[in-house]
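Okay, so the sequence shown: first residue is 53 according to our numbering, each after it adds one.
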Amino acid sequence: MADLIVGVQWGDEGKGKIVDNLAKNYQYVVRYQGGHNAGHTIVVENKKYALHLMPSGILYPNCKNIIGNGVVISLEALYEEMQQFPNLEKRLFISDRAHIITPYHQILDSLKESHSKSAIGTTKKGIGPAYSDKISRVGFRMGELKNLDAFSNKLQNYYEELKPLESLYNITFPTPQEIFANIKNLQPHFLPFITDTTRLLWEALDSKQKILLEGAQGSMLDIDHGTYPFVTSSTTTAAGASSGTGIAPKELQNIIGIAKAYCTRVGNGPFPTEENNQTGELIGQKGFEFGTTTGRKRRCGWIDAIALKYACKINGCNQLALMKLDVLDGFSEVKICTKYQYHGQIIDYIPSDLENVTPIYESFKGWDNTFGIRDFKQLPIEAQNYITTLEKIIGVKISIISTSPERDDVIFL
Ligand code: GDP
Ligand code: IMO
Ligand code: MG
């Protein structure tokens with residue numbers, strides 16, 4: 053049996069906090085897509101951990117952490133992250149099928165962003181180019197680190213094909229020798245962890261161990277179902293959990309969607325409920341909405357129940373976690389977007405051209421003092437009303453409410 057944590061907005065919903073909170077009940081925590089574009093924050097007794105590739109079960113000594121085949125890995129980034137955690141032996145497993153983000157991918161990502169007329173606002177971590185190479189069947193996989201001679205030859209050929217781009221972009225790429233020298237240095241640090249994680253997970257399922265799958269990014273950034281082209285390059289929705297691990301879809305039991313009590317987006321692209329004004333500024337300040345990975349200021353606005361319904365449907369969520377309720381403390385009015393105006397009509401679904409909608413809101417009386425509350429009945433009645441109304445509109449049970457960054461400041465319903 054495997055449970056899934058999946059972001060149902062545009063990322064940064066608080067997935068790290070919930071995975072960390074729940075991980076004590078699981079033997080395995082598994083990342084299945086994305087790369088170090090992710091930034092998952094965990095706070096335990098005021099100490100903050102920012103994880104990018106490391107699964108969020110890593111703070112529990114008995115939890116096994118898997119980086120699945122669907123993830124794209126920067127060796128440099130993962131190596132740096134591994135240094136924070138001693139004794140990773142038998143606690144970290146990396147799929148031999150996961151693809152490698154090379155420095156070429158990172159350079160290409162930056163070049164595309166700076167030369168494009170409509171930049172995506174990517175994290176410039178090489179995610180898009182690495183997944184492009186995977187789909188084009190020319191990527192590098194972690195298992196290939198076992199044969200360095202072959203790796204070196206492949207890198208040389210890759211570089212030859214890249215070379216014509218030097219004149220186009222007016223740059224000089226690092227030589228394959230330079231890149232290989234670094235890979236050769238890092239290789240011994242990775243070899244002990246590289247394995248067939250698909251079979252490992254099947255064995256775990258056969259022996260009735262509990263597995264928690266940790267999504268990265270959010271459903272509205274999904275390559276198919278998100279606000280294309282302003283998306284990331286992976287399947288961020290539940291289907292990606294299966295293809296990114298080798299766990300069959302029928303094994304997924306609880307699919308828990310993670311949403312903030314409001315909404316944020318970092319990078320470009322449509323965001324109907326954005327409050328590009330004082331209100332958005334205030335939400336951003338109170339929620340400390342700056343990217344964990346790039347430090348960029350996140351765009352902020354009210355919660356979008358239409359986008360949430362859409363994401364819950366695509367993922368098959370049977371539960372929702374509502375995060376950062378405390379950030380809305382002190383507002384005299386809070387809003388939920390329940391409909392859109394679209395080409396002269398009122399709709400309640402996500403069209404493929406989301407940039408053409410205008411939000412229609414239901415307004416609620418605000419509240420104060422929810423910070424750190426761990427009992428639903430202790431919440432101000434207005435906050436209770438907001439949550440129960442939201443639950444009715446979306447049609448999915450809100451089973452978790454979070455009221456601070458701290459691991460245990462959570463209400464379970
Ligand atoms: P993720 O990418 O989905 O894991 O989310 P991030 O870690 O990028 O962003 C969520 C931010 O909100 C982090 O700084 C968390 O520490 C913080 N956070 C999580 N839950 C709560 C909450 O209930 N209240 C407050 N105030 N902050 C929270
Ligand atoms: P977590 O896991 C929020 C956004 C980028 C950009 C778009 C494409 O922390 O929720 P990419 O570098 O992936 O090609 O960028 O996706 N993005 C995220 N936004 N949270 C994330 O991860 C994100 N990962 C990528 O800002 O708009
Ligand atoms: Mg994040």
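Don't be surprised by glycine CBs; every beta carbon is placed ideally from N, CA and C.
Subject >> Straight-line gap, ILE308 to ASN370 (C-alpha atoms, nearest Å) >> reply: For the purposes of this step, residue 308 is taken as the residue at position 256 of the sequence shown. For the purposes of this step, residue 370 is taken as the residue at position 318 of the sequence shown. Cα-Cα distance, rounded: 6 Å.
Subject >> DSSP bridge partner residues for GLU326 (one or two, in chain order) >> reply: As a working mapping, residue 326 is identified with position 274 in the sequence shown. Per DSSP, GLY353.
Original post:
So TYR392 and PRO411 are in contact, right, with Cβ under 8 Å, and what is the actual spacing, rounded?
Top reply: Within the sequence shown, numbered from 1, the residue matching residue 392 stands at position 340. Within the sequence shown, numbered from 1, the residue matching residue 411 stands at position 359. With a contact defined as Cβ atoms closer than 8 Å, TYR392 and PRO411 qualify at about 6 Å.
Original post:
Considering only the beta carbon of each residue, do GLU385 and GLY418 sit closer than 7 Å?
Top reply: As a position in the sequence shown, residue 385 is number 333, starting the count at 1. As a position in the sequence shown, residue 418 is number 366, starting the count at 1. Going by C-beta atoms, GLU385 is nearer than 7 Å to GLY418.
Original post:
Can you pull the DSSP bridge partners for VAL82?
Top reply: Translated into positions along the sequence shown, residue 82 becomes position 30. VAL82 is bridged by DSSP to ILE118 and LEU265.
**OP:** Give the straight-line distance between the Cα atoms of THR440 and ASN367, rounded to the nearest whole angstrom.
**Re:** The residue you call residue 440 lines up with position 388 of the sequence shown. The residue you call residue 367 lines up with position 315 of the sequence shown. In a straight line, the C-alpha of THR440 is about 21 Å away from that of ASN367.
Original post:
Contact check, LYS43 vs GLN158 under 8 Å by CB: the rounded distance?
Top reply: Residue coverage of the chain in this structure runs from 53 to 465, which leaves residue 43 outside it and unanswerable.
Subject >> 7 Å Cβ cutoff met for GLY63 and SER286 >> reply: The residue given as residue 63 occupies position 11 in the sequence shown. The residue given as residue 286 occupies position 234 in the sequence shown. No, the pair does not count as a contact, with Cβ atoms beyond the cut-off.
Original post:
Is LEU217 helix, strand or coil by DSSP?
Top reply: Taking the first residue of the sequence shown as position 1, residue 217 is located at position 165. Correct three-state label for LEU217: helix.
Subject >> C-beta atoms of ASN121 and VAL81 nearer than 7 Å >> reply: The sequence position of residue 121 within the sequence shown is 69, counting from 1. The sequence position of residue 81 within the sequence shown is 29, counting from 1. Going by C-beta atoms, ASN121 is not nearer than 7 Å to VAL81.
Original post:
When you compare only the Cα positions, how much space is there between PHE232 and PHE192?
Top reply: For the purposes of this step, residue 232 is identified with residue 180 of the sequence shown, where counting begins at 1. For the purposes of this step, residue 192 is identified with residue 140 of the sequence shown, where counting begins at 1. Distance between the alpha carbons of PHE232 and PHE192 is about 12 Å.
**OP:** Please classify MET53: is it buried, with 16 or more other beta-carbons within 10 angstroms of its beta-carbon, or exposed?
**Re:** For the purposes of this step, residue 53 is taken as residue 1 along the sequence shown, with counting starting at 1. In summary, MET53 is exposed, with fewer than 16 beta-carbon neighbours lying within 10 Å of its beta-carbon over all protein chains present.
**OP:** For GLU414, name the three-state secondary structure that DSSP assigns.
**Re:** Residue 414 sits at position 362 when you count from the first residue of the sequence shown. The answer is strand: DSSP assigns GLU414 an E or B state.
Original post:
Just checking, does the region 448 to 455 make contact with the region 65 to 85 on the three C-beta pairs under 8 Å criterion?
Top reply: Contact between the region 448 to 455 and the region 65 to 85 is present, with at least three C-beta pairs closer than 8 Å.
Subject >> Rounded C-alpha distance that separates ILE402 from GLY66 >> reply: Taking the first residue of the sequence shown as position 1, residue 402 is located at position 350. Taking the first residue of the sequence shown as position 1, residue 66 is located at position 14. Pairing ILE402 with GLY66, the inter-Cα distance amounts to about 23 Å.
Original post:
Under a Cβ-count criterion, where at least 16 other Cβ atoms within 10 Å of its own Cβ denotes burial, should ILE358 be classed as buried or exposed?
Top reply: Within the sequence shown, the letter at position 306 stands for residue 358. Classification of ILE358: buried, given that the 10 Å Cβ count is 16 or more.
**OP:** Could you check what DSSP says for SER147 in three-state terms: helix, strand or coil?
**Re:** In the sequence shown, counting from the first residue as 1, residue 147 sits at position 95. In this structure, DSSP gives SER147 an extended state, which the three-state scheme calls strand.
Subject >> Between the CA atoms of GLY270 and ARG143 - distance to the nearest angstrom >> reply: Sequence index remark: in the sequence shown, residue 143 carries index 91 (1-based). Sequence index remark: in the sequence shown, residue 270 carries index 218 (1-based). Spanning the two alpha carbons is a distance of roughly 26 Å.
**OP:** Mind checking who SER126 pairs with in its DSSP beta bridge?
**Re:** Stepping through the sequence shown from its first residue, residue 126 is reached at position 74. Residue pairing for SER126: DSSP places it in a beta bridge opposite ILE153.
**OP:** Could you check how far apart the C-beta atoms of GLY267 and ILE425 are, in whole angstroms? I think they sit under 8 Å.
**Re:** Along the sequence shown, one-based indexing puts residue 267 at 215. Along the sequence shown, one-based indexing puts residue 425 at 373. Actually they do not touch by this definition, with Cβ atoms about 26 Å apart.
Original post:
Do the region 248 to 267 and the region 280 to 300 meet, that is, are 3 or more Cβ pairs less than 8 Å apart?
Top reply: Contact holds between the region 248 to 267 and the region 280 to 300, because three or more Cβ pairs, one in each stretch, are under 8 Å apart.
Original post:
From what residue to what residue does the alpha helix (DSSP H) around LEU257 run?
Top reply: For the purposes of this step, residue 257 is taken as the residue at position 205 of the sequence shown. Per DSSP, LEU257 belongs to the alpha helix (DSSP H) from 249 to 258.
**OP:** Name the two residues that bound the continuous beta strand (DSSP E) containing TYR3.
**Re:** No answer is possible for residue 3: it lies beyond the span of the chain, which begins at 53 and ends at 465.
**OP:** Go through its chain and collect everything with a Cβ distance to ILE110's Cβ below 6 Å, but skip five positions before and after it.
**Re:** Sequence index remark: in the sequence shown, residue 110 carries index 58 (1-based). These residues qualify, in order along the chain: ASN117 and PHE137.
Original post:
Just reading off the alpha helix (DSSP H) that TRP71 is part of, what are its end residues?
Top reply: Position 19 of the sequence shown holds residue 71. According to the sequence displayed, residue 71 carries Val and not Trp. Segment 67 to 74, the alpha helix (DSSP H) holding VAL71.
Original post:
Pick from PRO181, SER166, ILE172 and GLY173: whose alpha carbon is nearest that of ILE153?
Top reply: Reading the sequence shown from its first residue, position 101 is the one you call residue 153. Among PRO181, SER166, ILE172 and GLY173, the Cα nearest to that of ILE153 is on PRO181.
Subject >> GLY91 beta carbon near the ligand MG (any heavy atom closer than 6 Å) >> reply: What you label residue 91 is simply residue 39 of the sequence shown in a count that begins at 1. Look at GLY91: its beta carbon is less than 6 Å from one of the heavy atoms in the ligand MG.
Subject >> HIS92 (DSSP reduced to helix, strand or coil) >> reply: One-based indexing of the sequence shown puts residue 92 at position 40. Three-state DSSP puts HIS92 in a strand.
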